[in-house]
Amino acid sequence: PGGSPEPEGALREELESAFGSVGAFTEAFATAGAKRFGSGWAWLIRNEEGQLEVTSTPNQDNPLMSQIVDRPGTPLLGMDVWEHAYYLNYQNRRKAYISAFMSLVNWDVVAVNASAQ
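Residue numbers for the sequence shown, in my numbering: 17 to 133.
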């Protein structure tokens with residue numbers, strides 16, 4: 017919580033360039049989390065080519081594990097989709113959890129992460 021309710025400035029421009037719109041990014045990120053079978057994570061990363069990309073990883077893997085993951089990169093935003101992250105409040109309603117998560121993202125922090133890369 018806190019910060020801008022949606023991406024602004026350079027981060028917004030990068031998201032629009034990479035995904036077509038902020039809404040398209042949100043959809044891609046939510047889909048990555050919803051479709052992750054079992055436990056894992058959804059990520060917004062800066063890939064090795066310097067571009068923004070949405071990916072997901074199983075279990076405890078993350079995009080920094082270049083020897084393991086298909087698309088390595090630097091994480092800018094991560095969403096835990098292990099059941100322990102949402103089950104007490106959302107039971108098996110992962111999509112509702114993802115929607116709540118997206119409403120709580122502090123985009124100022126994500127922008128700092130993006131500008132540091």
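Even glycine gets a Cβ: it sits at the ideal position worked out from N, Cα and C.
Small disclaimer: the values here were computed from a predicted structure and weren't measured.
- Leaving out five residues on either side along the sequence, give the residues of the same chain with a beta carbon under 6 Å from the beta carbon of alanine 130. Residue 130 sits at position 114 when you count from the first residue of the sequence shown. Only Leu27, Leu92 meet the Cβ criterion.
- Item | Extent of the continuous alpha helix (DSSP H) run through glutamate 29 | On the sequence shown, residue 29 is found 13 positions in, with the first residue counted as 1. Looking at the DSSP string, the run of the alpha helix (DSSP H) that includes glutamate 29 is 25 to 35.
- Return helix, strand or coil for isoleucine 84, following the three-state DSSP convention. The residue labelled residue 84 in the question sits at position 68 within the sequence shown. Residue state, collapsed to three classes: coil.
- Buried or exposed for alanine 132, please, with buried defined as at least 16 other CB atoms from any protein chain shown within 10 angstroms of its CB. The residue labelled residue 132 in the question sits at position 116 within the sequence shown. With a threshold of 16 other beta carbon atoms within 10 Å, alanine 132 falls short and is exposed.
- Host alpha helix (DSSP H) of aspartate 96 (start-end): Mapped onto the sequence shown, residue 96 falls at position 80. Boundaries for aspartate 96: no alpha helix (DSSP H) harbours it, while the beta strand (DSSP E) harbouring it runs 89 to 96, taken from the DSSP string.
- Query: For serine 72, which beta-bridge partners are listed by DSSP?
  - Reply: To locate residue 72, count along the sequence shown from 1; it is residue 56. Bridge partners of serine 72 according to DSSP: Ala58.
- Task: Find out if the Cβ-Cβ distance for the pair tryptophan 59, glycine 94 is shorter than 7 Å.
- Result: Here residue 59 refers to the residue found at position 43 when the sequence shown is read from its first residue. Here residue 94 refers to the residue found at position 78 when the sequence shown is read from its first residue. The answer is yes: Cβ separation under 7 Å.
- Query: Taking the alpha-carbon positions, what's the glycine 89 to valine 126 distance?
  - Reply: Here residue 89 is taken as the residue at index 73 of the sequence shown, counted from 1. Here residue 126 is taken as the residue at index 110 of the sequence shown, counted from 1. For glycine 89 and valine 126, the distance between alpha carbons rounds to 15 Å.
- Which same chain residues, not among the five before or five after alanine 112, have their C-beta less than 6 Å away from its C-beta? Your numbering for residue 112 matches position 96 in the sequence shown. Within the same chain, Tyr106 come within 6 Å of alanine 112 by CB-CB distance, once the 5 residues on both sides are set aside.
- Message: Distance cutoff 7 Å, beta carbons only. Does serine 115 sit that close to anything in chain D?
- Response: The structure shown contains no chain D; it is built from a single protein chain.
- Where do the ends of the alpha helix (DSSP H) carrying valine 128 lie? The residue you call residue 128 lines up with position 112 of the sequence shown. According to the DSSP assignment, valine 128 belongs to the alpha helix (DSSP H) that extends over 123 to 131.
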